[in-house]
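Trainee:
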Amino acid sequence: MGNILIIAEEREGTLRKVSYELVTVANEIAKGLGGAVEAFVIGNNVGACAEALAKTGVAKVYCADSPALAHFAPEVFAATLADAIRKAAPSVVLMPATGLGKELGAQVAAKLDWGVVTDCITFQVEGGALIFKRPVYAGKAMATIKAKTLPVIASFRPNIFPPAPAESAAAPIEKVEVAAITPRAQVIEKVKKEAVDVDLAEAKVVVSGGRGAKDANGFVQIREIAKMLGAAVGASRAAVDAGWIDYSTQVGQTGKTVAPQLYIALGISGAIQHLAGMSSSKVIVAVNKDPDAPIFQAADYGIVADMFEVMPVLKEELKKVLAEK
Numbered sequence: 623m624g625n626i627l628i629i630a631e632e633r634e635g636t637l638r639k640v641s642y643e644l645v646t647v648a649n650e651i652a653k654g655l656g657g658a659v660e661a662f663v664i665g666n667n668v669g670a671c672a673e674a675l676a677k678t679g680v681a682k683v684y685c686a687d688s689p690a691l692a693h694f695a696p697e698v699f700a701a702t703l704a705d706a707i708r709k710a711a712p713s714v715v716l717m718p719a720t721g722l723g724k725e726l727g728a729q730v731a732a733k734l735d736w737g738v739v740t741d742c743i744t745f746q747v748e749g750g751a752l753i754f755k756r757p758v759y760a761g762k763a764m765a766t767i768k769a770k771t772l773p774v775i776a777s778f779r780p781n782i783f784p785p786a787p788a789e790s791a792a793a794p795i796e797k798v799e800v801a802a803i804t805p806r807a808q809v810i811e812k813v814k815k816e817a818v819d820v821d822l823a824e825a826k827v828v829v830s831g832g833r834g835a836k837d838a839n840g841f842v843q844i845r846e847i848a849k850m851l852g853a854a855v856g857a858s859r860a861a862v863d864a865g866w867i868d869y870s871t872q873v874g875q876t877g878k879t880v881a882p883q884l885y886i887a888l889g890i891s892g893a894i895q896h897l898a899g900m901s902s903s904k905v906i907v908a909v910n911k912d913p914d915a916p917i918f919q920a921a922d923y924g925i926v927a928d929m930f931e932v933m934p935v936l937k938e939e940l941k942k943v944l945a946e947k
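Residue numbers (the numbering used here): 623 to 947.
Structure, rendered in structure tokens:
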């Protein structure tokens, strides 16, 4: 049986939290299938990322570090990763179910002629076979997918599993050569997106709005509260479908899974699909005028009131608290 290889993801020289979460998944799979856990990181100036991975208990870290990888070029990244996988010969490759991870996973699977399972939220090892579960039909059902043969590639959603803790002992780091491929597209300029919102998947505090926001103007007030808290803005599917806010903010089985220290739900009823995307939050505060709203079953603190009555009071209290700091 081969090893378990996790593909880490970095952003501006820092590992994303999902990379550490994949180490946790790999450790659990290794208990059932055997083999060691190894890691791979790719990018430009990612030496510090490789060193951080080396202290998570993995047996080895493969590192492809080159100025040629400064910008994401799918064909170069995929070819480099595929070559590294051929040499490492793992039985399972784990990737983050992010935009980058999904694109790379599909291309690498095609190059290697492997099976690929995407957007997984859980798994089990049964009789030497890997069985994955992933949401389907807009989160209304769960699909069970069995990998009858190995090797296989699987991508897992962020914020489902706890991140692997750091260990004192560091694993060896092996340099990987970058594939000698000229990208078909050339990056002329890279413009950083205006930092309007905090990254939803990485945020420690999330303020989300739902149907109770009534329209896009309701989210203007939600953004004001989020800015005061240094929080990310989230939304229910109802708000996104209504066109009040971009899909990138959607929390739930058909959006993003979050696990912040604090989750504030404003005007969200709490459909099961939404709850599945935020139930791992440490503290949940819900505001809804319907006392029977399902969100209150998941909340640590609940306020039965119209969100538009609560938000002005909340902003005033936040101003007082922030003024004292």
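By construction, the Cβ of each residue, glycine as well, lies at the ideal position given by its N, Cα and C atoms. Small disclaimer: the values here were computed from a predicted structure and weren't measured.
Measure the Cβ-Cβ separation of VAL645 and ALA838 and say whether it is below 9 Å.
Mentor: As a working note, residue 645 is residue 23 in the sequence shown. As a working note, residue 838 is residue 216 in the sequence shown. Against a cut-off of 9 Å, the Cβ pair of ALA838 and VAL645 comes out as no contact.
Trainee: Could you check whether the region 851–869 touches the region 879–893, counting it as contact only if at least three pairs of C-beta atoms, one from each stretch, sit closer than 8 Å?
Mentor: Enough Cβ pairs lie closer than 8 Å, so yes.
Trainee: Quick one, are the C-beta atoms of ASP922 and VAL907 less than 9 Å apart?
Mentor: In the sequence shown, the residue the question calls residue 922 occupies position 300. In the sequence shown, the residue the question calls residue 907 occupies position 285. Contact flag set, yes.
Trainee: For LYS724 and LYS911, what's the separation of their Cα atoms in angstroms?
Mentor: The count along the sequence shown starts at 1 and reaches residue 724 at position 102. The count along the sequence shown starts at 1 and reaches residue 911 at position 289. Rounded to the nearest angstrom, the two C-alpha atoms are 39 Å apart.
Trainee: Do you know how far the Cα of ALA788 is from the Cα of GLY973?
Mentor: The structure shown has nothing for residue 973, since the chain only spans 623 to 947.
Trainee: Taking DSSP's pairing of strands, which residues face GLN746 in a bridge?
Mentor: On the sequence shown, residue 746 is found 124 positions in, with the first residue counted as 1. Answer by DSSP bridge pairing, in chain order: ILE753.
Trainee: Between GLN895 and LYS762, what straight-line distance do the alpha-carbon atoms span, to the nearest angstrom?
Mentor: Residue numbering aside, residue 895 sits at position 273 when the sequence shown is read from its first letter. Residue numbering aside, residue 762 sits at position 140 when the sequence shown is read from its first letter. About 7 Å.
Trainee: Leaving out five residues on either side along the sequence, give the residues of the same chain with a beta carbon under 7 Å from the beta carbon of ALA817.
Mentor: For this step, residue 817 is matched to residue 195 along the sequence shown. Low local confidence applies: a pLDDT of 48 at ALA817 is under 50, so the model's placement there is unreliable, with the coordinate-based value given in what follows. Once the five neighbours on either side are set aside, ALA817 has no close Cβ partner at all.
Trainee: If you draw a straight line from the C-alpha of PHE754 to the C-alpha of LEU940, how long is it?
Mentor: Sequence index remark: in the sequence shown, residue 754 carries index 132 (1-based). Sequence index remark: in the sequence shown, residue 940 carries index 318 (1-based). Taking the straight line from one Cα to the other gives about 43 Å.
Trainee: How should ARG708 be labelled, buried or exposed, when 16 other C-beta atoms within 10 angstroms of its C-beta is the threshold for buried?
Mentor: Here the question's residue 708 lines up with position 86 in the sequence shown. So ARG708 ends up on the exposed side.
Trainee: Residues in its own chain within less than 6 Å of ILE767 by CB, not counting five upstream and five downstream?
Mentor: Within the sequence shown, numbered from 1, the residue matching residue 767 stands at position 145. So the qualifying residues of the chain are VAL739 and PHE754.
Trainee: Assuming GLU643 contacts PRO757 under a Cβ cut-off of 8 Å, what Cβ separation, rounded to an integer in Å, is found between them?
Mentor: One-based indexing of the sequence shown puts residue 643 at position 21. One-based indexing of the sequence shown puts residue 757 at position 135. No, GLU643 and PRO757 are not in contact; Cβ-Cβ is about 18 Å, not under 8 Å.
Trainee: At 4 residues or longer, what runs of the alpha helix (DSSP H) sit wholly inside the region 910–943?
Mentor: Runs of the alpha helix (DSSP H) inside the region 910–943: 917–920.
Trainee: Using only the alpha-carbon positions, how far apart do MET900 and ALA672 sit?
Mentor: What you label residue 900 is simply residue 278 of the sequence shown in a count that begins at 1. What you label residue 672 is simply residue 50 of the sequence shown in a count that begins at 1. If I take the Cα positions, the gap works out to 30 Å.
Trainee: Quick check on VAL698: does DSSP put it in helix, strand or coil?
Mentor: Counting from 1 along the sequence shown, the entry for residue 698 is found at position 76. It is helical.
Trainee: So, are the CB atoms of PRO689 and ILE626 less than 9 Å apart?
Mentor: Here residue 689 refers to the residue found at position 67 of the sequence shown. Here residue 626 refers to the residue found at position 4 of the sequence shown. No, Cβ-Cβ distance for PRO689 and ILE626 is not below 9 Å.
Trainee: Indicate the three-state DSSP secondary structure (helix, strand or coil) for LYS878 in the structure shown.
Mentor: By one-based count along the sequence shown, residue 878 stands at place 256. The answer is strand: DSSP assigns LYS878 an E or B state.
Trainee: Less than 9 Å between the C-beta atoms of VAL827 and GLN875, yes or no?
Mentor: Translated into the one-based positions of the sequence shown, residue 827 becomes position 205. Translated into the one-based positions of the sequence shown, residue 875 becomes position 253. For VAL827 and GLN875, no; Cβs fall outside 9 Å.
Trainee: Starting from LYS826, trace the beta strand (DSSP E) both ways and give me its first and last residue.
Mentor: The residue labelled residue 826 in the question sits at position 204 within the sequence shown. No beta strand (DSSP E) holds LYS826; DSSP gives it neither H nor E.
Trainee: Exposed or buried, what is TYR684 when buried is set at 16 or more other beta-carbons lying within 10 Å of its beta-carbon?
Mentor: Position 62 of the sequence shown, counting from 1, holds the residue named residue 684. Result: buried.
Trainee: Rounded to the nearest angstrom, how far is the Cβ of ALA681 from that of GLU697, given a contact under 8 Å?
Mentor: Taking the first residue of the sequence shown as 1, we reach residue 681 at position 59. Taking the first residue of the sequence shown as 1, we reach residue 697 at position 75. Contact flag wrong, Cβ pair sits at about 29 Å.
Trainee: Alpha carbon to alpha carbon, what distance is there between THR871 and ASP863?
Mentor: Counted from its first residue, the sequence shown places residue 863 at position 241. Counted from its first residue, the sequence shown places residue 871 at position 249. Going from the Cα of ASP863 to the Cα of THR871 covers about 12 Å.
Trainee: What is the DSSP secondary structure of THR646, reduced to helix, strand or coil?
Mentor: One-based indexing of the sequence shown puts residue 646 at position 24. Residue state, collapsed to three classes: helix.
Trainee: On the CB-based measure, 16 or more other CB atoms within 10 Å of its CB, does GLN919 come out buried or exposed?
Mentor: As a working mapping, residue 919 is identified with position 297 in the sequence shown. Its Cβ having fewer than 16 others within 10 Å, GLN919 is exposed.
Trainee: Can you pull the DSSP bridge partners for GLU632?
Mentor: As a working note, residue 632 is residue 10 in the sequence shown. Its beta-bridge partners are LEU637.
Trainee: Could you please give the first and the last residue of the uninterrupted alpha helix (DSSP H) stretch that includes ASP863?
Mentor: Here residue 863 is taken as the residue at index 241 of the sequence shown, counted from 1. That run of the alpha helix (DSSP H) goes 859–863.
Trainee: Could you tell me the distance, in whole angstroms, from the CA atom of ASP928 to the CA atom of GLY721?
Mentor: Within the sequence shown, residue 928 is the residue found at index 306, counting from 1. Within the sequence shown, residue 721 is the residue found at index 99, counting from 1. So the alpha carbons of these two residues sit roughly 36 Å apart.
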